[in-house]
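Chemist: This structure is in structure tokens; I'll ask about it shortly.
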Amino acid sequence: MFRYFLKRFDNRRPGLLGDIIQKFYVSEKFVLEYQRLRPELDWSRKTWEEFLDSLSSLDRLHISFAMSTVLRGRYSFSLLNGHSCIRAKKRYLDIGTAYAGFLRAYKEQGFEEAIGIELQERLAILGRANIDGLDNTQVIVGDFIQDDYSHLGAFDVVTCNDVIEHVDDAIIAIQKMSGMVADGGTLCMEVPNRDHINFVASDGHFQIFGITQLDRDDAALHYEAALKADRKNYFFQMGEMYELDWYIEQLARNGLNAFIADTHMIGGVEDVPELIAGLQRAYAEWRQNLKPHLDPSLAARLTEAVESYIQRLEQDFSGIKDELSRKRFEDKYLRSFWTILAIKGGSHLKSGSGYSRQDEVIAIEKLEADIRQKDAQIAFLNEQIAQMRNSFFWKFSRPLRFLGRFARSPRRAYYELLGAWKTRMRRNG
Ligand SMILES: C[S@@+](CC[C@H](N)C(=O)[O-])C[C@H]1O[C@@H](n2cnc3c(N)ncnc32)[C@H](O)[C@@H]1O
0 MFRYFLKRFD NRRPGLLGDI IQKFYVSEKF VLEYQRLRPE LDWSRKTWEE
50 FLDSLSSLDR LHISFAMSTV LRGRYSFSLL NGHSCIRAKK RYLDIGTAYA
100 GFLRAYKEQG FEEAIGIELQ ERLAILGRAN IDGLDNTQVI VGDFIQDDYS
150 HLGAFDVVTC NDVIEHVDDA IIAIQKMSGM VADGGTLCME VPNRDHINFV
200 ASDGHFQIFG ITQLDRDDAA LHYEAALKAD RKNYFFQMGE MYELDWYIEQ
250 LARNGLNAFI ADTHMIGGVE DVPELIAGLQ RAYAEWRQNL KPHLDPSLAA
300 RLTEAVESYI QRLEQDFSGI KDELSRKRFE DKYLRSFWTI LAIKGGSHLK
350 SGSGYSRQDE VIAIEKLEAD IRQKDAQIAF LNEQIAQMRN SFFWKFSRPL
400 RFLGRFARSP RRAYYELLGA WKTRMRRNG
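Numbering (numbering that gives the first Met the number 0), first residue to last: 0 to 428.
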């Protein structure tokens, strides 16, 4: 115990470094490596909060994402565990691992082996710094789409967190990942929702209006105009973004049964008018500030995409009539990220294949009907018991029942009698 506190005390670092380690559970090597990569930032601040204040809003987003890597990994583990999606803790694979916090978190939870694959060397260096000292844990530098990883074998859990929208070919990525999931194992894919109302107003990667509604080529052109950056960067960083049903369909084609874990809801249906108002404000701002500087044909395509999005959104909103349509609406427009859990072989929710939100709702309704039936049975039995207690026979046989209990356990019968007597005294004041 004493040694534990001594170790904790020893591990404490003063200032910002210590604050980050304590808040985010990343390794010291990781933070130092990050500092080395971003020397232009003001690392002299004393606390994480002060440091955040010194950053631009885009840096704040990216650096919080990097530092929270272990916490997000822990959350991922507990989500899968909570859905009984971890059948064994032998082998874990993380595609596009970057900062490798997921490897750290899954190792902490007892996985025997953890492997991460990362495209960018400089991020792999960061990731390796974060898993320093962990046994059977490694970050491989490589392109998951181009390179062959079949020699790695099958894994109990494969995660692909905020990666699928970055790869060049999402169909191949899903095919290859599905092939690496062991029978009964789980693939967990977190994907930003291109149709979340807030993300249409300002996307999560670059904070640009409307970009999630464009295909990859147009998105790159819009990125170039909005950030005055080279569109090649966009192609390097981003792939295509699809609708929810597309991902579910791809997973089903590869033999995985997918469902949406209930996470990342921003607002409820009651907040939709306010969210739409925010979107309209961002649209007006874009029309005024950016549209005049865009190539007219790109501006027209973006206008059309956004108008048709708003029309669909309003139609679907007014079409909410029952639990199923409400859940469909929430999944489509109010979840900022879809966390898709997909099980290989068998069925987690006893659905056929593909998107199982409907099966989920049917299962909940069946459960509620069962509960209502059980409640009715319990109420009926309670009534019968009450009637019996009031009957002459029940009252008459009371001393006999007490004698029976006394014969079985005199001590317990005595305390019961004492309890009943005390209750009566209390009731009588
Ligand atoms: C937004 S980051 C997510 C990092 C990490 N999964 C997390 O949640 O913290 C996306 C990562 O995917 C990596 N990536 C993109 N395409 C890849 C590919 N073909 N093979 C391996 N990694 C890839 C990128 O280099 C980047 O580090």
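All C-beta atoms in this analysis are idealised placements derived from N, C-alpha and C, irrespective of residue type, glycine included.
When you compare the region 297-310 with the region 319-337, are there three or more beta-carbon pairs, one atom per stretch, that lie closer than 8 Å?
Modeler: no
Chemist: Does ligand 1 have even one heavy atom less than 7 Å from the beta-carbon of Gln119?
Modeler: Counting from 1 along the sequence shown, the entry for residue 119 is found at position 120. Because some heavy atom of ligand 1 lies under 7 Å away, the Cβ of Gln119 counts as near it: yes.
Chemist: From what residue to what residue does the beta strand (DSSP E) around Ala181 run?
Modeler: Counted from its first residue, the sequence shown places residue 181 at position 182. Element bounds for Ala181: Val180 to Pro191.
Chemist: My assumption, with CB atoms under 8 Å, is that Leu92 sits in contact with Phe154. Please give the rounded CB distance.
Modeler: Start at 1 with the first residue of the sequence shown, and residue 92 comes out as number 93. Start at 1 with the first residue of the sequence shown, and residue 154 comes out as number 155. 4 Å between Cβ atoms; contact.
Chemist: So who's on the other strand from Ile94, going by DSSP bridges?
Modeler: For this step, residue 94 is matched to residue 95 along the sequence shown. Partner(s): Ile116.
Chemist: With a CB to CB cut of under 7 Å and the five nearest residues on each side skipped, what residues in its chain are close to Thr136?
Modeler: Against the sequence shown, residue 136 aligns to sequence position 137. Cβ-Cβ distances below 7 Å link Thr136 to Leu102, Lys106, Ala113 and Ile130 in the same chain, with the five nearest sequence neighbours on each side left out; the list follows chain order.
Chemist: How about Tyr98: is its Cβ closer than 7 Å to a heavy atom in ligand 1?
Modeler: Position 99 of the sequence shown, counted from the first residue, corresponds to residue 98. Relative to ligand 1, the nearest heavy atom lies less than 7 Å away from the CB of Tyr98.
Chemist: Name the residue from Asn389, Val271 and Glu189 whose alpha carbon lies nearest to the alpha carbon of Leu243.
Modeler: The sequence position of residue 243 within the sequence shown is 244, counting from 1. Selected option, being the one with the closest Cα: Glu189.
Chemist: Would you list the residues sitting across from Met432 in a DSSP beta bridge?
Modeler: This structure cannot settle anything about residue 432, because the visible part of the chain is limited to 0 through 428.
Chemist: According to DSSP, is Asn135 part of a helix, a strand, or is it coil?
Modeler: Numbered from its first residue, the sequence shown carries residue 135 at position 136. Looking at Asn135 - three-state DSSP - the assignment turns out to be coil, as it is neither helix nor strand.
Chemist: Going by alpha carbons, who is nearest to Asp315 out of Ile339, Ile275, Ala341 and Phe336?
Modeler: As a position in the sequence shown, residue 315 is number 316, starting the count at 1. Ranking the options by Cα distance to Asp315, first place goes to Ile275.
Chemist: Does the structure place the region 209-227 close enough to the region 177-186 that three or more beta carbon pairs sit under 8 Å?
Modeler: no
Chemist: Quick check: what's the CA-CA separation for Gly178 versus Leu312?
Modeler: Here the question's residue 178 lines up with position 179 in the sequence shown. Here the question's residue 312 lines up with position 313 in the sequence shown. So the alpha carbons of these two residues sit roughly 36 Å apart.
Chemist: To the nearest whole angstrom, what separates the beta carbons of Leu340 and Ala260, a pair I think is in contact under 8 Å?
Modeler: Counted from its first residue, the sequence shown places residue 340 at position 341. Counted from its first residue, the sequence shown places residue 260 at position 261. With 8 Å as the limit, Leu340 and Ala260 qualify as a contact, their Cβ atoms being about 5 Å apart.
Chemist: So, at 6 Å on beta carbons, what are the nonlocal neighbours of Gly203 in its own chain, with the 5 sequence-adjacent residues on each side left out?
Modeler: By one-based count along the sequence shown, residue 203 stands at place 204. Excluding residues within five positions, the ones whose Cβ falls inside 6 Å are Pro191.
Chemist: Expressed to the nearest angstrom, what Euclidean distance is found between the alpha-carbon atoms of Gly14 and Lys45?
Modeler: By 1-based counting over the sequence shown, the position of residue 14 is 15. By 1-based counting over the sequence shown, the position of residue 45 is 46. Spanning the two alpha carbons is a distance of roughly 5 Å.
Chemist: With hydrogens ignored, establish whether the beta-carbon of Thr494 is closer than 7 Å to any heavy atom of ligand 1.
Modeler: Because the chain spans 0 through 428 in this model, residue 494 falls outside it and cannot be assessed.
Chemist: Following the continuous alpha helix (DSSP H) through Asp216, name the residue where it begins and the one where it ends.
Modeler: The residue you call residue 216 lines up with position 217 of the sequence shown. Start and end: Arg215 to Leu226.
Chemist: For Asn160, report the span of its beta strand (DSSP E) as first-last.
Modeler: For the purposes of this step, residue 160 is identified with residue 161 of the sequence shown, where counting begins at 1. Residues Phe154 to Asn160.
Chemist: Taking only the alpha-carbon atoms, compute the straight-line gap between Ser408 and Phe395 and give it to the nearest angstrom.
Modeler: Sequence index remark: in the sequence shown, residue 408 carries index 409 (1-based). Sequence index remark: in the sequence shown, residue 395 carries index 396 (1-based). Rounded to whole angstroms, Ser408 to Phe395 spans 22 Å at the Cα level.
Chemist: Name the one or two DSSP bridge partners that Ile259 has.
Modeler: Along the sequence shown, read from residue 1 onward, the residue named residue 259 stands at position 260. Ile259 pairs with Ile339.
Chemist: Report the residue from Ala97, Gly403, Leu380 and Met176 whose alpha carbon sits nearest the alpha carbon of Met66.
Modeler: Taking the first residue of the sequence shown as position 1, residue 66 is located at position 67. A check of alpha carbon separations from Met66 across Ala97, Gly403, Leu380 and Met176 identifies Ala97 as the nearest.
Chemist: Using the C-alpha atoms, what's the distance from Ile207 back to Tyr233?
Modeler: Within the sequence shown, numbered from 1, the residue matching residue 233 stands at position 234. Within the sequence shown, numbered from 1, the residue matching residue 207 stands at position 208. Using only the alpha carbons, I get a separation of about 13 Å.
Chemist: DSSP beta-bridge partners for Arg334?
Modeler: Here the question's residue 334 lines up with position 335 in the sequence shown. DSSP, once it has assigned bridges, lists Met264 as partnering Arg334.
Chemist: Is Ile114 close to ligand 1? I mean its beta-carbon at under 7 Å from any heavy atom of the ligand.
Modeler: Locating residue 114 in the sequence shown gives position 115, where the first residue counts as 1. For ligand 1, not one heavy atom lies less than 7 Å from the Cβ of Ile114.
Chemist: State yes or no: is the C-beta of Leu301 within less than 8 Å of the C-beta of His195?
Modeler: As a position in the sequence shown, residue 301 is number 302, starting the count at 1. As a position in the sequence shown, residue 195 is number 196, starting the count at 1. Not a contact, by the Cβ cut-off of 8 Å.
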